[in-house]
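Residue numbers (numbering that gives the first Met the number 0), protein chains in the order written: chain A, 0 to 100; chain B, 0 to 148.
Below: one structure, written as structure tokens.
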Amino acid sequence: MATTSAPAPTKAPAKSPERQERDQREFGWNVMVWNDPITLMSYVVLVLRRLFGYDHATATRLMLQVHNEGRAVVATQPREQAEVSVAQLHSFGLQATLGRP
Amino acid sequence: MAQVLRRRGRIQVKLDKREREALLGIVDSLSPRLAAPLASAPRAYDDAKLQAEYDRWVRPDIDKGREVDLTMVRDALAGGEDTLPLTEPQALAWLRAFNHLRIAAGEVLGIEGDGWDETATDETKQKPEYGVLIALGYLQEELVAALES
Chain A
0 MATTSAPAPT KAPAKSPERQ ERDQREFGWN VMVWNDPITL MSYVVLVLRR LFGYDHATAT
60 RLMLQVHNEG RAVVATQPRE QAEVSVAQLH SFGLQATLGR P
Chain B
0 MAQVLRRRGR IQVKLDKRER EALLGIVDSL SPRLAAPLAS APRAYDDAKL QAEYDRWVRP
60 DIDKGREVDL TMVRDALAGG EDTLPLTEPQ ALAWLRAFNH LRIAAGEVLG IEGDGWDETA
120 TDETKQKPEY GVLIALGYLQ EELVAALES
């Protein structure tokens, strides 16, 4: 682990409720992949690697979470980007949704 | 038997005439099912209004892309060659097309849960759609391995 000292944390300015809502609306959208009985595990790993740039271990962990728990959040992105990601997952035939955390 | 090879960075699919004809038959028989939304078609949003916008603005591009993928596969199979060289984007297009076809086959068979290949009855195994799942699954595994190598 790196030993360089980190700068002292500064307190983030308080956000108005409107700003908090906007931030969540714009930046906090989860891209979720759902389990389906047809799609191959190896294919899901490949798709996650290609679309999100994950290494093999991370993509495999997410795929196993989908398989074992029925779903997994594979990315958290601004809404527009999350919608593009979901559309790409749909184009690969995966079950995917986006939603707020 | 069908093979997918990767040599010097190039992907080659080897299919004899009988295999190509069988695959063309699969594409032609299941493609019409994909033109209409499958019951299992993935939704993007829980919210009905957002989903309606997605269906209006995004879904048509996905459907169009799927048609392009299927046409690419169909044209390659109809070309009459035993060895089909694929670029990486083409290999990904084949994978996408095969996945949509497998999902359509699964819907025909009424598959709803994992382990279908272990619990399938003899009657189910005789159905052409079951053969589609197995054959395209094999080719998908081979294509994934070639792309990941």
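Here a beta-carbon is modelled for each residue, glycine too, at the ideal position from N, C-alpha and C.
>> Just to confirm my understanding: we take M0 of chain A, look at its own chain, exclude 5 residues before and 5 after, and list those with CB closer than 8 Å. What are they?
In response: The pLDDT assigned to M0 of chain A is 41, lower than 50, so where the model puts this residue is not dependable; a value taken from the coordinates is nonetheless given after this. Once the five neighbours on either side are set aside, M0 of chain A has no close Cβ partner at all.
>> Which residues of the segment 77-97 of chain A have a Cβ closer than 8 Å to any Cβ of chain B? Give them in chain order.
In response: E82, V85, A86, L88, H89, S90, F91, G92, L93, Q94, A95, T96 and L97
> With contact counted as at least three CB pairs below 8 Å, one residue from each stretch, are the segment 84-99 of chain B and the segment 139-146 of chain B in contact?
Replying inline: yes
> Within 10 angstroms of its Cβ, does D46 of chain B collect 16 or more other Cβ (buried), or is it exposed?
Replying inline: exposed
> So which residues on chain A does W115 of chain B lean against when the C-beta distance must stay under 7 Å?
Replying inline: P36
> Once you ignore the five residues that flank L69 of chain B on each side, which residues in its own chain have a CB closer than 7 Å to its CB?
Replying inline: V26, S30 and A96
>> Given this structure, state the Cα-to-Cα distance separating E80 of chain B from Q76 of chain A, to the nearest angstrom.
In response: 44 Å
>> Is Y42 of chain A close to chain B? Criterion is C-beta to C-beta, closer than 9 Å.
In response: yes
> Which residues in the same chain as V85 of chain A place their Cβ atom closer than 8 Å to its Cβ, once the five residues preceding and following it in sequence are excluded?
Replying inline: V30, A95, T96 and L97
>> So that I know if they touch, is there some Cβ in chain A lying closer than 9 Å to that of Y53 of chain B?
In response: yes
>> Between which two residues does the alpha helix (DSSP H) holding T96 of chain A run?
In response: Here T96 of chain A belongs to no alpha helix (DSSP H); instead the beta strand (DSSP E) covers Q94 to G98.
> Taking all protein chains shown into account, do 16 or more other C-beta atoms lie within 10 angstroms of the C-beta of A75 of chain B, making it buried, or fewer, making it exposed?
Replying inline: buried
> Whose C-beta lies closer than 6 Å to the C-beta of W33 of chain A among residues of the same chain, with five residues either side of it excluded?
Replying inline: R70 and Q94
>> Given this structure, state the Cα-to-Cα distance separating I10 of chain B from T59 of chain A, to the nearest angstrom.
In response: 24 Å
> DSSP on Q125 of chain B, reduced to helix/strand/coil?
Replying inline: coil
> Comparing the C-beta of R70 of chain A with each C-beta of chain B, is any distance below 9 Å?
Replying inline: no
> Which of helix, strand or coil does DSSP assign to A119 of chain B?
Replying inline: coil
> Using the C-alpha atoms, what's the distance from E20 of chain B back to M40 of chain A?
Replying inline: 28 Å
> Can you list the residues of chain B that L45 of chain A reaches, using a CB-CB cut of under 7 Å?
Replying inline: V143, L146 and E147
> Does the beta-carbon distance from L88 of chain A to P41 of chain B come in below 9 Å?
Replying inline: yes
>> Between A:I37, A:S90, A:L61 and A:R48, which has its C-alpha nearest E128 of chain B's C-alpha?
In response: A:I37
> Do L4 of chain B and K13 of chain B have their C-beta atoms within less than 9 Å of each other?
Replying inline: yes
> Applying a beta-carbon distance threshold of less than 9 Å, which residues of chain B neighbour L39 of chain A?
Replying inline: N98, R101, G136, Q139, E140 and V143
> Can you list, in chain order, the stretches of the beta strand (DSSP E) that have 3 or more residues and sit fully within the segment 79-117 of chain B?
Replying inline: 82-85
> Quick one: is S90 of chain A buried, meaning 16 or more other Cβ sit within 10 Å of its Cβ, or exposed?
Replying inline: buried
> Expressed to the nearest angstrom, what Euclidean distance is found between the alpha-carbon atoms of D59 of chain B and P100 of chain A?
Replying inline: In the sequence on display, residue 59 of chain B carries Pro and not Asp. Looking at the two C-alpha atoms, the distance is approximately 27 Å.
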